Every structure is written in structure tokens, then in C-alpha cells.
Amino acid sequence: QRFYDIAVIEGDGIGKEVIPEGIRVLEAAARRHGFTLRQKWHDFAHCDYYARHGRMMPENWKEEIGKPAAIFFGAVGWPDIVPDHISLWGSLLQFRREYDQYVNLRPVRLMDGVPCPLSGRRPGDIDFWVVRENTEGEYSAIGGRMFEGTEREMVMQETVMTRKGVDRILKFAFDLAQTRPRKLVTSATKSNGIAITMPYWDERVEAMASSYPEVSWNKFHIDILTANFVLKPQIFDVVVGSNLFGDILSDLGPACAGTIGIAPSGNINPEGEHPSLFEPVHGSAPDIAGRNLANPIGQIWSAAMMLDHLGEKQAAADIMGAIEMVLKQPSLRTRDLGGAADTQTCGKAIADLLA
Ligand code: NAD
Ligand code: IPM
Ligand code: MN
Numbered sequence: 003q004r005f006y007d008i009a010v011i012e013g014d015g016i017g018k019e020v021i022p023e024g025i026r027v028l029e030a031a032a033r034r035h036g037f038t039l040r041q042k043w044h045d046f047a048h049c050d051y052y053a054r055h056g057r058m059m060p061e062n063w064k065e066e067i068g069k070p071a072a073i074f075f076g077a078v079g080w081p082d083i084v085p086d087h088i089s090l091w092g093s094l095l096q097f098r099r100e101y102d103q104y105v106n107l108r109p110v111r112l113m114d115g116v117p118c119p120l121s122g123r124r125p126g127d128i129d130f131w132v133v134r135e136n137t138e139g140e141y142s143a144i145g146g147r148m149f150e151g152t153e154r155e156m157v158m159q160e161t162v163m164t165r166k167g168v169d170r171i172l173k174f175a176f177d178l179a180q181t182r183p184r185k186l187v188t189s190a191t192k193s194n195g196i197a198i199t200m201p202y203w204d205e206r207v208e209a210m211a212s213s214y215p216e217v218s219w220n221k222f223h224i225d226i227l228t229a230n231f232v233l234k235p236q237i238f239d240v241v242v243g244s245n246l247f248g249d250i251l252s253d254l255g256p257a258c259a260g261t262i263g264i265a266p267s268g269n270i271n272p273e274g275e276h277p278s279l280f281e282p283v284h285g286s287a288p289d290i291a292g293r294n295l296a297n298p299i300g301q302i303w304s305a306a307m308m309l310d311h312l313g314e315k316q317a318a319a320d321i322m323g324a325i326e327m328v329l330k331q332p333s334l335r336t337r338d339l340g341g342a343a344d345t346q347t348c349g350k351a352i353a354d355l356l357a
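Counted the way full-length UniProt numbering counts, the sequence shown spans residues 3 to 357.
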């Protein structure tokens, strides 16, 4: 018998609606493939916890979580109760840093049956990975407010790029490209305007590329890169970017491929010293929360990425097959895909295909 300890954190809003669908599918996959997921659900890292305790997580959250094989995460944020930077720095961003999940891996794929907002695009035309730096860069806590309330009032925030931090994300991207037929890395830069950190990023890209003679590479400034996501998505294979650029590209990419509602991600610590965390790209969606309207596929695809990471490759592939089947059925599509199916109907249909 194979056992995996999984920490489950629902978070806020539609996190509480899509996590149960992800678990439903994981359990169906586990039954089919003869392994067991030992789940430990954590009632923290959500804004109601903050309302009760004045913080997002207990002080001993690391002990509470222990050493799971992976963390299965919904979405956090309820800005009516807690300002977003407080709730996110108190939960998700802490996990990414404390567990050194320096890779944020986000596939962008146009799936059969999904209406594409770009004209004339078919499945196969959009199929690439966004590799996002996940622990440093523009997301820094270094900086501050000064001279508050005076006419000299100012704020500043430093971007931090370390050689280790930049090189390790680039290495991951080049290694990934090497496994792909096209073997192409595209780097997101802005070295024309952001004149210290981004030229450094470019230098490290060039240095890394020199150790990968079989991988080709190019770079675009982030402004034209976003335009090319829309105009020429077929030219991308592996796109690597800093924390902020990767964040933006990983909403834009899935939107170009139909919806952010199906987009998954892995926050990965490749060395396996710490647990990796799997979550949809989207957030808690307060505008549709509590109405059973959310597309659960981003969470379910994240479950497939998690099983793949745990070595359950066939189970992961079966979930992907079930997702593909369901997306082809108009009656099973949720509202973001132009359908009328609710969250549970879509989730159950995927789980049933695995039974
Ligand atoms: P969002 O991703 O929550 O929502 C953006 C839009 O996409 C909304 O119109 C929403 O209804 C729609 N949408 C998102 N997921 C969907 C799904 N599964 N099915 C159908 N429609 C879906 O982004 P936002 O509105 O910028 O943020 C809302 C809150 O979530 C904020 O507190 C934000 O900080 C937080 N957030 C958290 C995460 C995370 O936990 N990883 C990610 C992004 C945003
Ligand atoms: C994401 C989210 C987070 C990020 C927010 C909620 C802090 O947008 O996972 O993409 O910016 O990393
Ligand atoms: Mn984002």
C-alpha cells in the first residue's frame, strides 16, 4: 500500500467550494490506483481565522502542518475583512518562502472544447509553461513609508534578485525546456527601463543558456511579450519570468486559452526538502463565492499536478484524461466556459470517469 500525507487548506471564498471537488477527484483516483491519501484539514489561513485571532495562522503553524508529502490549497483573500496584503503575506506567501517553493509552475494549454477568445486558435496552438520565480524579486518586504502626512510623503519598495535565486529558476526553466520537443526558453525582461535588476536577469539568462547548447532561447520585454501572448501564442514553449512578470503572464496565458478557471499551479521546492503546494491560479472570487458557480477544474488539474509530483503518474494522467472528456461536453461546462453546469456537477462528472 502506498500512503501520502496531504495537508488540506481551503482558504476563503470559492476555495471552500473547489477544494471539496479536488478531494472528490483525488479520492476517486486513489481508489482506482490503490493508494491512500491521509488528509489533515487545517482550519486556518483564511480571513475568518484572522477575524477571530488577529492573525492568519497560529504561531506554531509549521508544527501543525508537520511534514506532509504535499499541501493542497484553495485560495485566500477576503478584502472586506482583511486587506489583501495582510491576508496573503500571512498565509500563501509565507508558505512559498518558508518552504522555499521557489518554482511556480503554471501550464497554459488550449483544451479541446474550450471556447478560445483569440480568433482561429485550435488546441495545439497554445501549449506552453510559465515558470515563475516564486520567492524573491518584486515581492519583497524591503522598503517603507516615510514622512507620512507631510508633503514629502513617500513610499519605496526594493526588488531583490540574488544570484542563487535567479540562477535556480532559470536552471529549472532550461531543464524543463530540454524535456520538450521544441526546447525553447523565452525570458520575460524589462531591461530597457528597469535598469539594475533586469539587465542582471538578462546576464544570468545568457550565462545559463551557455550551459544548454541544445536549448534555444530568446527574450522579450514584458510589454511586447504580453502582446505576443495574444497575437502569437504559438511561438511559446517555456516562458520564464520574475515573480511579478510571472504572476501577470500566468493569468494572461490562461485567459488567452479560454478561462482562468481551469488553470492550475505547483509551488515547488524541487529539492524535496520541504513540501510543495498545489493550488489553482485563480483567487477566492468574492464576486461568485457561495453560489456553486466556480469552475472546479483549476483545483482538479492542480490535484493532477500534485499526484504527478508524488510519483503517481498514471493517476495524474487519468485525471487529465477525465478533465479533457468533461470539457468536451457542453452540458458539463461551468459559467466561465459559457455553460450552465454548477461546481459540483462538473466535479462529480470528472470523479465518475475515474470510478
Ligand atoms: P480572482 O481570481 O479571485 O477572480 C478574478 C475573476 O475571475 C472574478 O470575476 C472571478 O469570479 C473569476 N474566477 C476566478 N476563479 C474562477 C473559477 N474557478 N471559476 C469561475 N470564475 C472564476 O481574482 P481577484 O478578484 O483579483 O482576487 C480575489 C481575492 O483572491 C483577493 O483577495 C486576492 O488577493 C485573492 N487571490 C488569491 C489567490 C491565491 O490564493 N492563490 C490568487 C489570486 C487572488
Ligand atoms: C497568485 C496570486 C498571488 C500572487 C497573490 C494572491 C499574492 O495572484 O498566486 O498568482 O501574486 O502570487
Ligand atoms: Mn496571480
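Glycine residues also receive a C-beta, built at the ideal position from the N, C-alpha and C atoms. On a predicted model such as this, the values are computed, not experimentally measured, just so you know.
Residue i - containing beta strand (DSSP E), residue span
i	result
ASP129	129–135
TRP63	That residue, TRP63, is in no beta strand (DSSP E); its alpha helix (DSSP H) goes 63–67.
HIS223	218–223
PRO109	105–111
GLU281	278–282
ALA9	4–13
VAL168	That residue, VAL168, is in no beta strand (DSSP E); its alpha helix (DSSP H) goes 165–180.
ALA72	72–77
GLY243	240–243
Contact test: residue i Cβ vs the ligand MN heavy atom, cutoff 7 angstroms
i	result
VAL105	no
ASP86	no
ASP14	no
ASP249	yes
Burial state of residue i, where buried means 16 or more other Cβ atoms lie within 10 Å
i	result
SER244	buried
GLN301	buried
THR191	buried
LYS166	exposed
GLY146	exposed
PHE176	buried
ALA306	buried
MET200	buried
ASP45	exposed
THR345	buried
TRP43	exposed
PRO256	buried
GLY268	buried
PHE149	exposed
Residue i versus the options, residue with shortest Cα-Cα distance
i	options	result
ALA291	THR38, GLY76, LEU39	GLY76
GLU138	ILE226, SER212, GLU150, PHE247	PHE247
ALA353	ARG108, ASP225, VAL27	VAL27
ASP7	PHE74, GLY17, GLU23	PHE74
ALA287	PHE5, HIS44, GLY17	GLY17
PRO272	GLU65, PHE5, ALA72	ALA72
MET163	TYR141, THR181, LEU178	TYR141
GLY79	HIS223, LYS42, GLY285, GLY24	GLY285
ASP86	ILE321, GLY13, SER193	GLY13
LEU172	THR38, ASN136, GLU65	ASN136
GLN159	ALA143, SER89, GLU153	ALA143
ILE194	ASP225, TYR214, ARG206	Sequence inspection shows Asn at residue 194; the Ile mentioned does not correspond to that position. Closest by alpha carbon: ASP225.
CYS258	ALA229, LEU309, GLY24, SER267	ALA229
SER252	SER89, ALA343, ILE67, ARG108	ARG108
Near the ligand IPM: residue i beta-carbon under 7 angstroms from a heavy atom
i	result
SER252	yes
VAL241	no
residue 395	The question about residue 395 has no answer, for the chain in this structure spans 3 to 357.
LEU355	no
GLY79	yes
First and last residue of the uninterrupted alpha helix (DSSP H) at residue i
i	result
GLU205	199–212
GLU326	315–329
ARG54	49–55
LEU355	345–356
GLY24	17–35
SER304	299–312
LEU95	94–100
ILE88	86–91
Distance cut-off 7 angstroms: residue i Cβ against heavy atoms of the ligand NAD
i	result
HIS44	no
GLU281	yes
Below-8 angstroms beta-carbon distance, residue i vs any chain D residue
i	result
THR336	Looking at the structure shown, chain D is missing, and only one protein chain is on hand.
_Segment contact, 8 angstroms Cβ cut-off, at least three pairs: the stretch 288–305 with the stretch 255–263_ = Contact between the stretch 288–305 and the stretch 255–263 is present: 3 or more CB-CB pairs across the two stretches fall below 8 angstroms.
*asked:* Using 8 angstroms as the cut-off, can you tell me whether the stretch 185–200 makes contact with the stretch 219–233, which would need three or more C-beta pairs spanning the two stretches below that distance?
replied: The answer is yes - the stretch 219–233 touches the stretch 185–200, with three or more Cβ pairs under 8 angstroms.
*Taking one C-beta from the stretch 97–107 and one from the stretch 30–43 each time, how about it: are there three or more such pairs within less than 8 angstroms?*
With a cut-off of 8 angstroms, the stretch 30–43 and the stretch 97–107 do not count as touching, because too few Cβ pairs lie within range.
_Could you check whether the stretch 316–334 touches the stretch 41–61, counting it as contact only if at least three pairs of C-beta atoms, one from each stretch, sit closer than 8 angstroms?_
no
*Is the stretch 231–238 touching the stretch 201–215 in the sense that three or more CB pairs, one from each, lie closer than 8 angstroms?*
no
*Okay, do the stretch 45–52 and the stretch 320–332 touch, 3+ Cβ pairs below 8 angstroms being the bar?*
no
*Mind the definition here: the stretch 265–277 touches the stretch 101–118 only if three or more C-beta pairs lie below 8 angstroms; say whether that holds.*
yes
*Between the stretch 82–95 and the stretch 123–130, do three or more beta carbon pairs fall short of 8 angstroms?*
no
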